[in-house]
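These protein sequences, in sequence, are chains W and X.
Okay, so the first sequence: first residue is 15 according to this note's numbering, each after it adds one.
Okay, so the second sequence: first residue is 63 according to this note's numbering, each after it adds one.
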Amino acid sequence: MSALLEVEGLTVRFGPFAVVEDLAFSVAPGEVLAVVGESGSGKSMTALALMRLIPPPGKVTGRVTFDGQDLLSLPERQMRAIRGGSMAMVFQEPMTSLNPVFTVGSQIAEALSWHRGLSGSAAKAEAVRLLSLVEIPNPAARVSEYPHQLSGGMRQRVMIAMALACNPRLLIADEPTTALDATVQAQILDLLRRLRAELGMAVILITHDLGVVSDFADRVAVMYAARVVETAPAAMLFADPAHPYTEGLLASLPRMGGDIERLHAIPGQVPPPFALPRGCRFAPRCEYAKAPCEQALPPLIPLGPARAAACIRHTGYELVP
Amino acid sequence: MSGTILEIRGLVKHFRARARFLGPEGRPVRAVDGIDLDVPAGGTLGLVGESGCGKSTTGRLALRLIEADAGTIRFEGEDIREASPARLRALRRRMQIVFQDPFASLDPRMTVAEILAEPFVVHRIGDAPERAKAVRRLLDQVGLAAHHAGRHPHEFSGGQRQRIGIARALALDPALIVADEAVSALDVSIQAQILNLMRDIQRARGLAFLFISHNLAVVRHMADRVAVMYLGKVVEEAPRQVLFDAPLHPYTRALLSAVPDPGGERRERIVLTGEIPRPDDPPSGCRFRTRCPLADAHCAAEEPPLRPRAEGHRVACHKVP
């Protein structure tokens, strides 16, 4: 199956510092890829780079091929047709992404008129249909309400409805449930799962929450200090993590099933972009690190057909070219 | 003193809404509406619930940082609501709070040494050399180095700032710490460090925690007993193992089922319809009935009391046999 999105060597720089470095991954049609990482790992910057929304003075290099088109070299006019069209995005905080002075219906209609040329009663009818698609009760009335009249969960549903307005083939969801309570998060994840199955869209889920990943993703890319350190099918990643950082993250989580007397804490902290170690960026915190780890950045080493890890432990600490 | 360090009975706090501009006067928000809680000496009571359930208000009431409308709060047998200002100040040495956002709760203009010495200054304890010694001891206890003493809060990472917040709370050798979402802003690898630190300190000093969090896995890891709040009421309270393995209240069951377990089985989810009602307009009878799969007319007519079902297990539900 050919990929819907193919990313090669994606790098985002602010001045001399790379906040995203040499990323490579692909997303198949209908697939859910989770990009996981802690604060500052570069996961949100990755999402913005894919949408070409990196603010100046940020510089993006590499290749992003979406549906056969090279996004990074596309004129802004054409990019605007893709953004919010076949490629849509949902953010963490729906209140700041919605305009408080317009009704939710008029904000959805704006996307419909921009991308699909709908206006007037046709746009309104379509807005109502979209609100009911995201399971907002009484959509015909809600369409005339303002964002502040809705709860956090309902606002996130509106954001999803706006993203779906143009039948995207790829939805980028940046921490879509992080601001929500557990029971509401469960509702939104169920909704996304249903929509993905019904509409056949692919999803890139950006999150720090491994529980959400486990619940929703097919495949996972783990980011650490601007780089992908491991990619694997979700079940494999949780059962048998191949990178020491992934292993450490999983061991540091308190679990709902099973008791642990003492959590495994990864010592130290993530290095800032201006003080990165020369070799493997995780080496200073890694219990498996040996001298070769400090020599050079490890590349992603394939470990079977579907997984790869940037750790030279898998090559017997031999530096691979 | 038997096993309880903090005994709360019939605690009530209603916030009066200010009159709206040209509108009708708002109804009071019934943030905490008659709850009983016991924090075991040297142990941890976990307090869980979703946003707006009243758990943070309960934490502030417990230390009399805000004044309750009714009820008793006995700390080591003494009702702190009856305490004179001077007596309350003395009691506060023994009861401290750690907040979610360590940055917002640390004065940016003070050095760490000044922040940690302040409690001694306020309570007129020791002279300068003794205070300096105490500061060094506190830094050591929370895993910070002596050379950190001269730095300001902005020079620290989130995890280190939370260590400073904990050190400040420990300064006067308290018997009780209210931890209000103390690790919620931290990345998981750092969260594990802080949870381990809190447990170590608890064991070494015989500290009691009122551990408030929306994160059920974290509470499961930390608590001896757990109380679940919904719209200002405690709906279930039980020893940790019982609450997580055999919850009885339909809300607790739904809440637990909503938390995805990383790498665990995808559990059968009890999906709650709707969202938490407004706390200024709670439903009649049982407050959970509007979202409860078991609710009937009895639940609308009469509020279920929190009744013991088994040893140390209390549930507020008409439908639980």
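Even glycine gets a Cβ: it sits at the ideal position worked out from N, Cα and C.
Just so we're clear, the structure is a prediction, and the values are computed from it rather than from any experiment.
Extent of the continuous beta strand (DSSP E) to which Thr-66 (chain X) belongs:
First-last of the beta strand (DSSP E) with Thr-66 (chain X): 66 to 77.
Alpha-carbon spacing of Arg-292 (chain W) relative to Gly-330 (chain W), whole angstroms:
20 Å
Could you check which residue in X:Pro-344, X:Arg-78, X:Ala-359 has the C-alpha nearest to that of Gly-294 (chain X)?
If we check each option's Cα against that of Gly-294 (chain X), X:Pro-344 comes out closest.
Taking the beta strand (DSSP E) that Arg-92 (chain X) falls in, what are its first and last residues?
91 to 102
Check whether the Cβ atoms of Gly-54 (chain W) and Val-236 (chain W) lie closer than 8 Å to each other.
no
Taking CB distances under 8 Å as the criterion, tell me whether Ala-320 (chain X) reaches chain W.
yes
So Ala-249 (chain W) and Pro-182 (chain W) are in contact, right, with Cβ under 8 Å, and what is the actual spacing, rounded?
Here Ala-249 (chain W) is actually not in contact with Pro-182 (chain W); their C-beta atoms are around 26 Å apart, not less than 8 Å.
Here's a check: name, in chain order, each residue in its chain whose Cβ is nearer than 7 Å to the Cβ of Ser-158 (chain W), leaving out the five neighbours to either side.
Thr-117, Gly-119
Within 8 Å, do at least three Cβ pairs link the segment 286 to 302 of chain W to the segment 86 to 105 of chain X?
no
Could you name the residues of chain X that Ser-165 (chain W) contacts, counting a contact when the two beta carbons are closer than 7 Å?
Glu-337
Sub-8 Å separation of Ile-122 (chain W) and Ala-177 (chain W) beta-carbons
no
Who are the near neighbours of Leu-267 (chain W) in its chain, counting only those whose CB is closer than 7 Å to its CB and skipping five residues on each side?
Once the five neighbours on either side are set aside, the close Cβ partners of Leu-267 (chain W) are Leu-224.
Within 9 Å of chain X by C-beta, residues of the segment 252 to 271 of chain W in sequence order
Phe-252, Ala-253, Tyr-259, Gly-262, Leu-263, Leu-264, Ala-265, Ser-266, Leu-267, Pro-268, Arg-269, Met-270, Gly-271
Among X:Val-240, X:Lys-195, X:Val-250, X:Pro-164, whose alpha-carbon lies nearest the alpha-carbon of His-214 (chain X)?
X:Pro-164
May I have a chain-ordered list of the alpha helix (DSSP H) segments no shorter than 4 residues that lie completely inside the segment 26 to 88 of chain W?
Within the segment 26 to 88 of chain W, the complete alpha helix (DSSP H) segments at least 4 residues long are 57 to 64, listed from N- to C-terminus.
Where Val-148 (chain W) falls, given that 16 or more other Cβ within 10 Å makes a residue buried
buried
On the criterion of 16 or more Cβ atoms from any shown chain inside 10 Å, does Asp-141 (chain X) qualify as buried, or is it exposed?
exposed
Going along chain W in order, which residues have a C-beta closer than 7 Å to the C-beta of Ile-263 (chain X)?
Correct list: empty, because the minimum Cβ distance to chain W is about 14 Å.
Any idea which residues DSSP pairs Leu-109 (chain X) with across the strands?
X:Ile-274, X:Ala-289
What's the C-alpha gap between Met-63 (chain X) and Gly-116 (chain X)?
Reliability fails at Met-63 (chain X), whose pLDDT of 39 lies under 50, so the model's placement of it is uncertain and the value that follows must be treated cautiously. Between Met-63 (chain X) and Gly-116 (chain X), the C-alpha separation is close to 28 Å.
To which residues does DSSP link Ile-226 (chain X) through a beta bridge?
None, per the DSSP bridge assignment.
State the beta-bridge partners of Arg-210 (chain W) as determined by DSSP.
DSSP lists no bridge partner for Arg-210 (chain W).
State the Cα-Cα distance for the pair Pro-161 (chain W) and Leu-205 (chain W), rounded to the nearest angstrom.
20 Å
Using the beta-carbon count (16 or more within 10 Å), is Phe-288 (chain W) buried or exposed?
Under this definition Phe-288 (chain W) is an exposed residue.
Chain-ordered residues of the segment 205 to 219 of chain X with a beta carbon less than 9 Å from chain W:
Ser-219
Interface flag, Ser-251 (chain X) vs chain W, CB-CB below 8 Å
yes
Can you find a C-beta in chain X that's less than 8 Å from the C-beta of Ile-280 (chain W)?
So yes, Ile-280 (chain W) belongs to the interface.
Report yes or no: is there a C-beta of chain X within less than 8 Å of the C-beta of Ala-112 (chain W)?
The sequence given here places Leu at residue 112 (chain W); Ala does not occur at that position. The beta carbon of Leu-112 (chain W) does not come within 8 Å of any beta carbon belonging to chain X, so the residue lies off that interface.
Any idea what DSSP makes of His-380 (chain X), helix, strand or coil?
coil
Evaluate the contact criterion for the segment 72 to 86 of chain W versus the segment 129 to 145 of chain W: three or more CB pairs, one atom per stretch, below 8 Å.
no
State the DSSP-derived secondary structure class of Met-63 (chain X), mapped to helix, strand or coil.
Bear in mind that a pLDDT of 39 at Met-63 (chain X), under 50, signals an unreliable position, so the model cannot answer this.
What residue does the alpha helix (DSSP H) around Ile-239 (chain X) start on, and which one ends it?
Where Ile-239 (chain X) is concerned, there is no enclosing alpha helix (DSSP H), although the beta strand (DSSP E) it sits in stretches over 238 to 242.
Chain X contacts from the segment 130 to 162 of chain W (Cβ-Cβ distance under 9 Å)
Pro-151
If we ignore side chains and look at the alpha-carbon of each, how far apart do Val-245 (chain X) and Ala-289 (chain X) end up?
19 Å
Is Ala-305 (chain W) a contact residue of the ligand COA, with contact defined as CB to any heavy atom under 7 Å?
For the ligand COA, the structure offers nothing, since it holds no ligand at all.
Using a threshold of 8 Å, state whether the C-beta atoms of Leu-73 (chain X) and Ala-130 (chain X) are closer than that.
yes
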